[in-house]
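Structure, as structure tokens:
Protein chains: 2
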Amino acid sequence: MTDKGEKKFVIPHKGRISKADRQRLKGHKSCIVWFTGLSGSGKSTIAHALEEELYKRGVHTYVLDGDNVRTGLNKDLGFSEEDRRENIRRLGEVAKLFVDAGIITLVAAISPYKRDREFVRNLVEPGEFVEVYVRCPVEVCETRDPKGLYKKARQGIIKNFTGIDAPYEEPENPEILIESDKESVQNAVLKIIKFLEEKGIIPKKEE
Amino acid sequence: MTDKGEKKFVIPHKGRISKADRQRLKGHKSCIVWFTGLSGSGKSTIAHALEEELYKRGVHTYVLDGDNVRTGLNKDLGFSEEDRRENIRRLGEVAKLFVDAGIITLVAAISPYKRDREFVRNLVEPGEFVEVYVRCPVEVCETRDPKGLYKKARQGIIKNFTGIDAPYEEPENPEILIESDKESVQNAVLKIIKFLEEKGIIPKKEE
């Protein structure tokens, strides 16, 4: 018997407090808001601005930032295609746990491969995965270069850099499209809030 | 440059909403309540009963059950010593994220190795790791055998089974000791609640 073979002896334990209970305590439903886009497109900036706005409304959130998670849970992973896939798989599985906990979970990760994003979409229930494509031309991202990474990629110091020498597969039907070279962070935030309200995930703001 | 070498280009993004903010929204502090003990000692049962009691008090919780996480995030892991270590490392890193989200995070995992539990303790701030040792003689656990696993271990169908042919290293100074062969689940729950109240993690119940 191999180690993996023992998996059939792993018996999940079902708790008495459900996702619906935890959502009820928080006063809203939960979902993953998944920000995908090039480095420097504004994913983290928009996610954190959204968290701030939701916090003001008493909504329970958490930001899973690809970069932050790479210094903890995913610090054993690099940037090969395989490791990027595993990075997204784990982010997705953790986001699923947060959704189960009743939290609106904002994930900011380049997540360049379509099949990896679809994997996460299929992890959760229909409507619980809100894909936000933060679109921005690579030339604009490269001009911003907030972390100096494009420069290093151009110099060949960083290899497999998305948009330079690694592919980015655009979402075809994202729930929300943000064109971060044309619209403000505040506008992006309002657009996402409006979506969450319309889908009944968060209550409409009391006037 | 190797993949791992690119790690120095991972720059964490600091959000504007802090752990303290998220705790404020929830009305209590957050921590990890880590249940360790043999299979069948009652870790999951006590964790879920604790969650139910905390829920009644309006406390925001989540149970990370070792078995449940093994069907998702950790489904790539087996039961070798190395995989068990990685299983606990990931549970700890995820629990840390939940604590950062303001959630009282109940983790039920055999976690037989002392150094793995100490690793998790050191991941979070002092006072944020509450180790609950659910002590129960292996003979009693084997009699309970709720999942029929001891029987399979005795038959040699499961190898590396903690307490049978793999070691369990007892905690020396757990924050809380539960003797599940001598005390009731309800008593265990009250003991933990009292600890959380006394440490100021949750507010005392209004009379």
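Respectively, the protein sequence lines represent chains A and B. Every letter in the first sequence is one number past the one before it in my numbering, and letter 205, counting from 1, is 205. Every letter in the second sequence is one number past the one before it in my numbering, and letter 132, counting from 1, is 132. Every residue gets a Cβ at the ideal spot worked out from N, C-alpha and C, and that includes glycine.
Any non-hydrogen atom of the ligand SAH closer than 7 Å to residue i Cβ
i: B:Asn173; result: What this structure holds is no ligand at all, so the ligand SAH is not there to describe.
C-alpha distance - residue i paired with residue j, whole-angstrom precision
i: B:Val63; j: B:Leu54; result: 12 Å
i: A:Ile192; j: A:Trp34; result: 11 Å
i: A:Val120; j: A:Lys147; result: 27 Å
i: B:Thr209; j: A:Tyr150; result: As shown, chain B starts at 1 and ends at 207. That puts residue 209 of chain B outside it, with no answer to give.
i: B:Lys199; j: B:Glu131; result: 14 Å
i: A:Ala166; j: A:Lys56; result: 38 Å
i: B:Thr71; j: A:Ile103; result: 21 Å
i: B:Glu51; j: A:Leu50; result: 29 Å
i: A:Thr2; j: B:Phe79; result: No answer about A:Thr2 holds up, because its pLDDT of 39 lies below 50 and its placement is not dependable.
i: A:Lys43; j: A:Arg90; result: 19 Å
i: B:Glu256; j: B:Glu118; result: Because chain B here runs from 1 to 207, residue 256 of chain B falls outside it and cannot be looked at.
i: A:Lys19; j: A:Lys29; result: 9 Å
i: B:Asn187; j: B:Ile201; result: 19 Å
i: A:Glu86; j: A:Gly127; result: 24 Å
i: A:Arg24; j: B:Ser184; result: 29 Å
i: B:Cys141; j: B:Leu190; result: 22 Å
i: B:Thr143; j: B:Glu170; result: 20 Å
i: B:Arg22; j: A:Asn68; result: 18 Å
i: B:Asn122; j: B:Phe129; result: 8 Å
i: A:Tyr168; j: B:Lys75; result: 27 Å
i: A:Ile164; j: A:Arg84; result: 16 Å
i: A:Ala101; j: B:Arg16; result: 22 Å
i: A:Val124; j: B:Glu139; result: 40 Å
i: A:Pro203; j: B:Pro203; result: 28 Å
i: B:Val107; j: A:Glu81; result: 32 Å
i: B:Glu197; j: A:Cys136; result: 49 Å
i: A:Lys205; j: B:Lys205; result: 31 Å
C-beta atoms of residue i and residue j nearer than 8 Å
i: B:Ile178; j: B:Ile32; result: no
i: A:Gly37; j: A:Val134; result: yes
i: A:Leu73; j: B:Glu93; result: yes
i: B:His60; j: B:Lys26; result: yes
i: A:Gly40; j: A:Asp145; result: yes
i: A:Glu175; j: A:Phe161; result: no
i: B:Ile88; j: B:Asp116; result: yes
Residue range of the beta strand (DSSP E) that includes residue i
i: A:Glu131; result: 129–135
i: A:Glu179; result: 176–179
i: A:Val63; result: 61–65
Boundaries (first-last residue) of the alpha helix (DSSP H) holding residue i
i: A:Thr105; result: Run containing A:Thr105: none in the alpha helix (DSSP H); it sits in the beta strand (DSSP E), 104–108.
i: B:Tyr150; result: 149–154
i: B:Tyr55; result: 43–56
i: B:Leu91; result: 81–100
i: B:Val33; result: Segment 32–36 is the beta strand (DSSP E) holding B:Val33; no alpha helix (DSSP H) there.
i: B:Thr162; result: From DSSP, B:Thr162 is part of no alpha helix (DSSP H); its letter is neither H nor E.
i: A:Asn173; result: A:Asn173 -> no alpha helix (DSSP H), and no H or E assigned at all.
i: A:Leu123; result: 114–123
i: A:Ile192; result: 185–198
i: A:Asp21; result: 19–26
i: B:Arg144; result: 138–144
Any contact between the stretch 96–106 of chain A and the stretch 64–84 of chain B? By contact I mean 3 or more CB pairs, one from each, below 8 Å.
yes
When you compare the stretch 147–157 of chain A with the stretch 101–112 of chain A, are there three or more beta-carbon pairs, one atom per stretch, that lie closer than 8 Å?
Judged by Cβ distances under 8 Å, the stretch 147–157 of chain A makes no contact with the stretch 101–112 of chain A, as fewer than three pairs qualify.
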